[in-house]
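Numbering (full-length UniProt numbering), first residue to last: 1 to 667.
Built from N, CA and C at the ideal position, the CB exists for glycine as well.
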Amino acid sequence: MYTEALSIAEYADSEDISVPTGTLEKLYANRAAAYLNVVPGLHDEALVDCEKALQLNEGNHRALYRKARALKEMGRHKEAYETVAKCSLAVPQDPNVIGLTQDLAKMLGLKIRKAYVRSKVRVYCLTDHDKPMGMALGMPDVTPLPAVVDLAKNPLADTHEFKQACSNCYVKTVLDFTLYTEEHKCKKDILLGRIKNQPDKSWKLIRPRPTKSQYVGPYYICKDVAIGEGCRYPGHCTFAYCQEEIDVWSLERKGFICRDFLFDPFGPTSKINLTVPKILQEHHGIFMFLCGVCFDHKPRIISKANKDNPSLCSHPVTKHAFEDQKCLVHILRENTVRYSKIRPYSPQNQMDICRHEVRYGCVREDECFYAHSLIELKVWMMQHQLGKLLPPIKGRFGPPNLKMQFVCGQCWRNGQVSEADKNKKYCTAKARHSWSKDKRVVLVSSIERKKWTTIRPLPTKKPIPSQFEICMHVSIGKKCQYIGNCTFAHSTEERDLWTYMKENNIPDMEQLYEHWLQSQKPGWSEEASNSSIKENGKQIHMPTDYAEEMTGNHCWLCGKNCNSDRQWQQHITSEKHREKVFNSEDDQNCWQYRFPTGTFRVCERYLKGTCTEEELCKLAHGNEELREWTERREFLLMKLAKARKDHLIAPNDNDFGKYSFLLKDIK
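Have a look at this one:
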């Protein structure tokens, strides 16, 4: 049949009748499948058809899979493995692809396991004694599932083993590492892991998770490591080196695990040294105090201390007492804005992450004894370690390993350190030098050297290098010989600050000063905090001046702030906002199968092996997919109820466009 169709296509081509390439691609791929499944021994013909299909579309995963099968049958195992590796990038969770990959890996003697699959999402569902309050009317009861693991300490306890080591006992050999067990003073600064009940009993290094990129997809094994070779980018590779690393990284990214807590933090030998700079170095962002009453309002309102009267919040109507009602919040600004409330630590708090909060939001809110974010858990852990409540965390700005200050340039050249006066008009020296942007310099001091060093402006060279290097002359202890502005850093402190400025889109020293000044406001005197930025005696109103005073609603679903009621109503009724309720990016890695189609039953044709619609089929392809569809609808209903409770969706709004089919059977 396929041969006849291809013959007709060839005839049409000879008559200058165009046949869609998509049709030809499917015909070649399907004929290859027929050669492999129906007519035994025609592997060469199947390979030729796969090559023709891939010439039309090199990303056709079905053609790649069938090509790999043909190559395997022909004994060309290495080529088959390389082909199925390309296929696995397109369909990483396809059981046939995973099975073929494992078979070929065994034939080639590779130590590679199946790709990481989040098949235990149900672990984070409701416990027997905790049922969501405030559910929408008519929502179905959810069958409670047991709490299997202690998430904060070790959610992988049933399947993995972990061990601490250091560079003295875990030593790199030619292509591997060797763990020495001799008695020594171990620093325990390296994490090792291995999967239980596996033939391979060796301990694998689990490196820190790469956080520079914004990649949100599943992690994969480095191709060089997968074929038994050394990685070509050691120290910079963002791919995993082993399955244990994939498992830990995947849970770390979702906030279900903290590597510091993989060992009992209260045990006699454990010592977790958490500090504010260390937390910010890993999670980025800043800590800030906001009005707690406004923050807990439905919908959430973001209001800071009032500039004119710091004892009150900046809400335009209801001025709450700021000092009495303030709450500590971690703010992370990326493509969106995320606010994580840090509740006060008490002995009743449980050192574990609330499984409801990380999925669809905890209905107990501040009454919950569990941490509602990984950063809240770490702050609690730090407070418990210190044995007392922390003093108020002041706003901090800059790289975590550097202290920063702005001083008068003229005084600094004369050997003095003079900062600005309270009005930011002159320096504090007797000479009273003008405090203008061309007269001040930035100094930084690292934790290691504890010496104040001047920092030159960020190089304007385009494009900005991906990473800054130390000047060759300076690195060997000589003076820089370059005539002009050297674009290489003249100290490690300068390199670190330049890198920070590049990563945070701070193009010049003026904007660096503005950001630094804003972060210092909680520490300034009352008079200083009330004054505006002044240059050369003239008051300059910066955009940040008005942003500080502005109060608005915040949507935690989209990470968006709205500064007026009109803007807020436009946002919560937008299609993009509603999409976040049902199909957010954070949920993509939690599910194995397709998004529910609205028809919750198994396809009989699929069970018989005759369904040809594949991804377009409206019915579930198997009991596992049907089970996940049912669970996913229940999860979405809980998320919808939480959004309604937080006033992110109007109470009478039941029109959810293309997602309304999920609610059609709910009375």
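Apart from sequence neighbours up to five positions away, the residues of its chain that approach GLY285 with a beta-carbon distance below 6 angstroms are HIS330, ILE331 and LEU332, ordered along the chain. Exposure of LEU607 is indicated by the presence of fewer than 16 other C-beta atoms within 10 angstroms of its C-beta.
One thing to note: GLU493 has its Cβ within 9 angstroms of the Cβ of VAL444.
Where LYS172 is concerned, the enclosing beta strand (DSSP E) starts and stops at 170 to 172.
Collapsing the DSSP output to three states places LYS403 in a strand. GLU45 has its alpha-carbon roughly 25 angstroms from the corresponding atom of SER18. Look at THR428 here: in three-state DSSP terms it is coil, with no helix or strand label.
DSSP places LYS163 in the strand class (E or B) of the three-state scheme. Between PHE661 and VAL581, the gap from beta carbon to beta carbon reaches 9 angstroms or more. The continuous alpha helix (DSSP H) containing MET501 extends over residues 492 to 503. When the beta-carbon positions are compared, TRP568 and CYS562 come within less than 9 angstroms of each other.
Pairing PHE369 with TRP516 gives a Cβ-Cβ distance that is not under 9 angstroms. Between the stretch 639 to 655 and the stretch 373 to 380 there are fewer than three C-beta pairs closer than 8 angstroms, too few to call the two in contact. The criterion of a C-beta distance shorter than 9 angstroms is not satisfied by ALA70 and LEU100. For HIS43, the enclosing alpha helix (DSSP H) stretches over residues 43 to 56. Inclusion of CYS313 and LYS304 in the CB contact set at 9 angstroms is warranted, their separation being smaller than that value. In the displayed model, GLY22 falls within a helix according to three-state DSSP.
When Cβ pairs closer than 8 angstroms are counted between the two stretches, the stretch 506 to 514 is seen not to touch the stretch 477 to 496, the count staying below three.
Counting C-beta atoms within 10 angstroms of its own C-beta, GLU625 has 16 or more neighbours from the protein chains shown and is therefore classed as buried.
According to the DSSP assignment, ASN96 belongs to the alpha helix (DSSP H) that extends over 95 to 108. LEU497 places its beta carbon less than 9 angstroms from that of ILE455. Three or more beta-carbon pairs drawn from the stretch 21 to 33 and the stretch 42 to 62 are found closer than 8 angstroms, and the two stretches are therefore classed as touching. Out of ARG207, HIS61, GLU82 and LEU36, the CA that lies nearest to the CA of ASP94 is found in HIS61. According to the DSSP secondary-structure assignment, MET288 is paired through a beta bridge with VAL329. Excluding sequence positions up to five before and after ILE206, its CB lies within less than 7 angstroms of the CB of LEU191, LEU192, GLY193, GLU244, GLU245 and VAL248, all in the same chain and listed in chain order. Contact annotation: LYS341 and CYS291 have beta-carbon atoms that are not nearer than 9 angstroms. Under the DSSP assignment, GLY193 falls in the beta strand (DSSP E) whose first and last residues are 190 to 195.
In the structure shown, the three-state DSSP call for THR336 is coil. With 16 or more other Cβ atoms inside 10 Å of its own Cβ, GLU357 counts as buried.
Its chain contains HIS61 and VAL97 as the residues whose beta carbon lies nearer than 7 angstroms to that of VAL91, once the 5 sequence neighbours on both sides are disregarded; these appear in chain order. Out of PRO310, GLY409, GLY415 and ARG413, the CA that lies nearest to the CA of TYR426 is found in GLY409. Residue state for LEU89 is assigned as helix, using DSSP reduced to three classes.
Counting the other Cβ atoms within 10 Å of the Cβ of GLU575 gives fewer than 16, which makes it exposed. Straight across, the Cα-Cα distance linking CYS603 with TYR35 is about 27 angstroms. A residue is called buried when at least 16 other Cβ atoms come within 10 angstroms of its Cβ; PRO465 does not meet this threshold and is exposed. PRO155 is classed as buried because its beta carbon has at least 16 other beta carbons within 10 Å across all chains shown.
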